[in-house]
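A short worksheet on the structure shown next.
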Amino acid sequence: MTEETLLDRALVRLDQAASHLQIDPDVIEKLKYPRETIKVRLLIRMDDGSRKSFLAWRCRYDDTRGPTKGGIRFHPDAAVEEVETLAFWMTFKCAVMNLPYGGGKGAVRVDPRQLSKAELERVSRSYMQAFAHVIGPDRDIPAPDVYTNAMIMGWMADEYYQLAGQVRPAVITGKPISLGGSLGRDDATARGGFYLLRHLAGELGLGSEMRVAVQGFGNAGQFIAKLLAAEGHKIVAVSDSSGAIHAPGGLDVEALIARKRAGQPVTAMANEAGVQSIAPDALLGVHCDVLVPAALEDMITKDNADAIKAKVVLELANGPVTADADAILEKKGIVVLPDILANAGGVTVSYFEWVQNRQGYYWDLEEVHQRLLKTMEREGRAVWNISRERGTSVRTAAYIHALSRLANAIEEHGTQSYFIS
Ligand code: GLU
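Going by our numbering, the sequence shown opens with residue 1, and the numbers climb by one from there.
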């Protein structure tokens, strides 16, 4: 028996959603495989004069609804199955939000913390050189993901302009503001999740003073903590790769973010009054209303899901809860707001950036926030209603919502019944 891959496990969600819809088998045939995955080796000149090679990929999973869209991750454990799975999730995420995009993803197997800044720039530029032939404003549009940021997007955009002989800012999103980035893209992933949570708070039984635990304290984790703390909610536990801290009375989020920006791990706060250091896995078991996984995939599994005490899990990471863990959480009555909806604020504001770049007309922050709010509430409500009407988990409802849009588009090219009458 061959071992089940991450993509096989992700495809189970597709089958679950399909069982609720009358869709043509052509749709599943098209969506169960990535359309194109390219692998290269980037050969980089290191600062000491030596050369080192790094594996890199770009996957364009499906482009029925528009050019493929999705981030580029720099991570030492990056692997092809992971890239393809993340690209599959992007396909569904863009469809849930009704963005005119398909799904894609890219990665470099590298630990960016081991690189100098000049080496990081060379890796970034080399990635664009290697994949420029599949990337483009109407073809495939990258963005930031784990361990990549606005500066890296700026280098990649610049490299593309040099190759194309034209400045085409819509080729990549998440750029620095002064290079054509959108206001509000920096905190968009967290803000989208925050708007969704606030919109559904009544239905989810959440009060006006929530206790929140955040797993992972990178871009999304820091911003969600900040947004929630500003509304009077308590951040009671936080973790990063160094470990976890617990403060039943609530953490000083601003101080924590300041330390993190100064290069310190969250555990550096452990000796402050009211803050204890706990085992990373113990974060899942703390008393709280909302648990926010904001790190990597497969963090909540059948082995630790039982410990969770939260009422709601808000997935800001991609794929943090495995299918086995989903079943356990459902049995315990814990509602999971799934990644393809809960973290879709990031790609939604990426879409706004692309629209602004193409128009050459830029919006103020207020307009970005208003449009994000409207999109999160519209699609969040639609997904919530599907889950109530069909008696499914919110995740299955999100897949049903996305799949019906994808199926409509795929079926418009004609199905068997059109050709054989
Ligand atoms: N990497 C982010 C995600 O997983 C953002 C993608 C984008 O903005 O295109 O949704």
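For every residue, glycine included, the Cβ atom is placed at its ideal position computed from N, Cα and C. The structure presented is a predicted model; accordingly, all values stated were derived computationally and were not measured.
| Asked | Found |
| --- | --- |
| Cross-strand partners of L42 (DSSP beta bridge) | F54 |
| Per DSSP, cross-strand counterpart(s) of P293 | Q215 |
| heavy atom of ligand 1 below 7 Å from N408 C-beta | no |
| Q264 in three-state terms, based on DSSP | coil |
| Whole-number beta carbon distance between P142 and I156, since they are thought to touch under 8 Å | Here residue 156 is Met; the residue named in the question, Ile, does not match the sequence. Sure, about 7 Å apart at Cβ, within 8 Å. |
| Buried versus exposed call for Y147 [16 or more other C-beta atoms within 10 Å across all chains shown] | buried |
| Beta-ladder partner(s) of V244, from DSSP | First, the amino acid is wrong: residue 244 is Ala here, not Val. The partner list for A244 (beta bridge, DSSP) reads S239, I278. |
| Rounded distance between the beta-carbons of A325 and A305, thought under 8 Å | 4 Å |
| R41 vs R60 beta-carbon contact at 8 Å | no |
| Beta-carbon spacing of A268, Q215 below 8 Å | no |
| Beta-carbon proximity check, V80 vs K39, cutoff 8 Å | yes |
| C-beta atoms of D145 and R73 nearer than 8 Å | yes |
| At least three beta-carbon pairs within less than 8 Å, the stretch 329 to 337 to the stretch 82 to 92 | no |
| Where the beta strand (DSSP E) through R73 begins and ends | 72 to 75 |
| Reduced DSSP category for G202 - H, G, I as helix; E, B as strand; rest coil | helix |
| Sufficient close CB pairs (3 or more, under 8 Å) joining the stretch 218 to 236 to the stretch 396 to 410 | no |
| At least 3 beta-carbon pairs within less than 8 Å: the stretch 192 to 200 vs the stretch 268 to 279 | no |
| Distance cut-off 7 Å: N304 Cβ against heavy atoms of ligand 1 | no |
| Span separating the alpha-carbon of P25 from that of S241 | 43 Å |
| Pick from A56, K234, M128 that is closest to L291, judged by C-alpha positions | K234 |
| A143 CB to nearest heavy atom of ligand 1 below 7 Å | yes |
| Reduced DSSP secondary structure (H/G/I, E/B, other) of E4 | coil |
| Contact the stretch 158 to 165 vs the stretch 340 to 355: 3+ CB pairs below 8 Å | no |
| Bounding residues of the beta strand (DSSP E) (the contiguous stretch that carries L284) | No beta strand (DSSP E) holds L284; DSSP gives it neither H nor E. |
| Between the CA atoms of L403 and A397 - distance to the nearest angstrom | 10 Å |
| Contact under 8 Å by Cβ, V110 with P76 | yes |
| N-terminal and C-terminal residue of the beta strand (DSSP E) that R168 is part of | Careful: R168 lies outside any beta strand (DSSP E) and carries neither H nor E. |
| Bounding residues of the alpha helix (DSSP H) (the contiguous stretch that carries G345) | 345 to 359 |
| Euclidean distance between Cα positions of V266 and E254 | 12 Å |
| C-beta contact flag for I400 and L21 at 8 Å | yes |
| Boundaries of the alpha helix (DSSP H) in which G103 is found, first to last residue | Segment 102 to 109 is the beta strand (DSSP E) holding G103; no alpha helix (DSSP H) there. |
| Residues of its chain near K379, where Cβ-Cβ distance is below 8 Å and the 5 sequence neighbours each way are ignored | Before going further, note that residue 379 is Glu rather than Lys in the sequence given. Cβ neighbours of E379 beyond the five flanking positions: V96, M97, N98, L341, A344, H401. |
| Delimiting residues of the beta strand (DSSP E) encompassing V313 | 312 to 314 |
| N- and C-terminal bounds of the beta strand (DSSP E) containing V438 | Outside the shown range of the chain, which is 1 to 421, sits residue 438, and nothing can be said about it. |
| Boundaries of the alpha helix (DSSP H) in which A325 is found, first to last residue | 323 to 331 |
| G285 beta carbon near ligand 1 (any heavy atom closer than 7 Å) | no |
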